[in-house]
């Protein structure tokens, strides 16, 4: 909660780093990222499907995904590959837009695939992202369900605090 | 938290402008002026909203008299509103699914081998 607001800028940058170990060979894990037949099977949060999933895995090639949420809302995403070094490294820009193509979030994502012994693969995803401030406003307008949930959680939280008294 | 405080919290959240102010604060603290700008509202009107949010325990204000930046109070609402939390969740859940998918591929492969042996 530090970036930007005092200087009046509407952008704020953050980084997410996640590491996972998969019981699958590196070449297959790499393919799961670059072959749309694989990628469409797992991309996105639980319960989401990917009715559009197009991948052109070469430098300058694009990645186009439309995620469909369980409530039917569609979330388009466009990527451009900056580096492709099979089966070790993948770098792409990822841009999330709303249905009208307005940019909500821009990310630069690096994916590292490392051998981890016995046919396993260590995957590291590092994504540096910038979100528009209005993205947050949109969250409130468009994701009322999420807010109802938070309010429920707030209610639970408050109830627990009450128990402790 | 007293029942009075709880009703104050829910009342504060019932207003769309105040929810939008909270969303803005999810991205970092802001002064009254910065908050007023996108809403086409007077500073006293924004101050009034901030007072309601502060009373409800949803935000805190800085001490400096001149520039009292408002910030979201830590808590479940802050977590939910913070876009980076959502963004991290997106990646975590995608990678969970990738793990499940790779496991299902492996299971299918085993099945195939077993089929061939028969």
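Residue numbers (the numbering used here), protein chains in the order written: chain A, 1 to 165; chain B, 1001 to 1118. Every residue, glycine too, gets a C-beta built ideally from N, C-alpha and C.
In chain B, what lies closer than 7 Å to residue i by C-beta?
i: residue 127 (chain A); result: 1091
i: residue 20 (chain A); result: 1095 and 1099
Given this structure, state the Cα-to-Cα distance separating residue i from residue j, to the nearest angstrom.
i: residue 72 (chain A); j: residue 44 (chain A); result: 14 Å
i: residue 1054 (chain B); j: residue 1062 (chain B); result: 11 Å
i: residue 56 (chain A); j: residue 1043 (chain B); result: 51 Å
i: residue 1091 (chain B); j: residue 48 (chain A); result: 13 Å
i: residue 53 (chain A); j: residue 1032 (chain B); result: 43 Å
i: residue 1130 (chain B); j: residue 1045 (chain B); result: Since the first and last residues shown for chain B are 1001 and 1118, residue 1130 (chain B) lies out of range.
i: residue 1052 (chain B); j: residue 1009 (chain B); result: 9 Å
i: residue 118 (chain A); j: residue 1022 (chain B); result: 49 Å
i: residue 97 (chain A); j: residue 65 (chain A); result: 11 Å
i: residue 1086 (chain B); j: residue 68 (chain A); result: 16 Å
i: residue 100 (chain A); j: residue 1037 (chain B); result: 24 Å
i: residue 79 (chain A); j: residue 1048 (chain B); result: 43 Å
i: residue 1011 (chain B); j: residue 1072 (chain B); result: 17 Å
i: residue 60 (chain A); j: residue 81 (chain A); result: 5 Å
Leaving out five residues on either side along the sequence, give the residues of the same chain with a beta carbon under 6 Å from the beta carbon of residue i.
i: residue 124 (chain A); result: 19 and 112
i: residue 1050 (chain B); result: 1070
i: residue 70 (chain A); result: 47
i: residue 107 (chain A); result: 94, 127 and 129
Against residue i, what residues of chain A qualify as contacts under a CB-to-CB distance less than 7 Å, listed in chain order?
i: residue 1053 (chain B); result: Neighbours of residue 1053 (chain B) on chain A: none; closest Cβ ~13 Å, over 7 Å.
i: residue 1088 (chain B); result: 16
i: residue 1059 (chain B); result: By Cβ distance, chain A contributes nothing, its closest Cβ being about 12 Å from residue 1059 (chain B), past 7 Å.
Is the beta carbon of residue i within less than 7 Å of some heavy atom of the ligand MN?
i: residue 53 (chain A); result: As presented, the structure is devoid of all ligands, the ligand MN included, so that no description of it is given.
Which residues in chain B sit within 8 Å of residue i, going by Cβ to Cβ distance?
i: residue 46 (chain A); result: 1093, 1096 and 1097
i: residue 32 (chain A); result: 1098, 1101 and 1102
Grab me the residues of residue i's own chain with a C-beta within less than 7 Å of its C-beta, minus the 5 sequence neighbours each way, in chain order.
i: residue 1024 (chain B); result: 1030 and 1035
Report the neighbours of residue i on chain B: residues whose CB is nearer than 9 Å to its CB, in chain order.
i: residue 29 (chain A); result: 1098 and 1102
i: residue 131 (chain A); result: 1027, 1083, 1084 and 1087
Taking residue i as the query, report the chain A residues whose CB atoms sit under 8 Å from its CB, ordered along the chain.
i: residue 1106 (chain B); result: 23 and 24
Q: Run through the stretch 29-72 of chain A for me and flag every whole alpha helix (DSSP H) of 4 or more residues, listed as ranges in chain order.
A: Runs of the alpha helix (DSSP H) lying entirely within the stretch 29-72 of chain A, each at least 4 residues long, are 36-42 in chain order.
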